[in-house]
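Working notes for the structure below.
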Amino acid sequence: MLFDFHTHTFLSDGVLSPIELIRRAVSNGYTTIAVTDHAGINDQERVLDILVKECAEATENMGITALPGVELTHVPPHRIAEAARRAKANGARIVLVHGETIKEPVAGGTNRAALESPDVDILVHPGMITEEEADIARQAGIYLELSARAGHSLTNGHVARVAMEAGAKLVVDSDGHAPGDLLTEELARQIVIGAGLSKGDFGDILETNPKAVLDKVMG
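If you count the sequence shown from 1, you need to add 948 to reach our numbering.
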């Protein structure tokens, strides 16, 4: 089973239409894909109006579970909870927050604000996440991402170590922007191993945790 909760289309900075991205995911053997284009507070309706319809079409006709969502990106920390709540009201099944990756100038406090929002499901590429933040993630049931994307993946080892020590749960996502970015089963396993974890962690990170995310967001 192959899950990916973090992808982008040409509705933000990806290259494919939503339906083509989902079709490519089907070809890669995906079980579940979330299409999570970048959004802030005031542009969510434009993105989600299309994604809700296209994901429903794909789920009905392509043999895959396709989830409409957003990645809240560079939203001021004090407005993240509001933005996440609004995204769910606008039809997002899943809400990600663009974490404090070392690759971009993300505002300090973003990780914590995301982890304190009841409407956030995954904190993606959280960079140099602290032990305290990982513990908040554990308590809140918010998942932390091991990223396949160049740059964002530089801190995967740190994220994995801190998450495992805190008991926070991990998932692997592609952060795919183009067809060649999508996961394969082998790539997903390599990301887990590359983060310093063991083959014994495959089951939790690549199957048990993603299934739990899916159950959560589908209610």
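Note that CB positions come from ideal geometry on N, CA and C, so glycine has one too.
Assigned secondary structure, residue i (DSSP; H/G/I helix, E/B strand, else coil)
i, result
"Ala982", "strand"
"Ala1082", "helix"
"Val1045", "strand"
"Ile1153", "helix"
"Asp997", "helix"
"Ser1065", "coil"
"Thr1007", "helix"
"Pro1053", "coil"
"Pro1171", "Only positions 949 to 1167 of the chain appear in this structure, which leaves residue 1171 out of reach."
"Thr955", "strand"
Residue environment, residue i, which counts as buried when at least 16 other CB atoms sit within 10 Å
i, result
"His956", "buried"
"Asp1163", "exposed"
"His1022", "exposed"
"Ala1114", "buried"
"Ile1141", "exposed"
"Glu1093", "buried"
"Ser1146", "exposed"
Rounded C-alpha distance that separates residue i from residue j
i, j, result
"Pro1025", "Gly1057", "6 angstroms"
"Ala1037", "Gln1138", "36 angstroms"
"Tyr1091", "Leu959", "25 angstroms"
"Ile967", "Thr1007", "10 angstroms"
"Gly1144", "Arg994", "40 angstroms"
"Asn976", "Asn1009", "17 angstroms"
"Gly1105", "Gly962", "26 angstroms"
"Leu969", "His1073", "21 angstroms"
"Ala1014", "Leu1131", "15 angstroms"
"Arg1109", "His1100", "16 angstroms"
"Ala1116", "Arg971", "32 angstroms"
"Glu1002", "Thr984", "12 angstroms"
"Asn1059", "Ala1088", "13 angstroms"
Residue j beta carbon less than 8 angstroms from that of residue i
i, j, result
"Leu1044", "Asp1069", "yes"
"Val1165", "Ile1077", "no"
"Ile1012", "Ala1062", "no"
"His954", "Ser1122", "yes"
"Glu1030", "Ile989", "yes"
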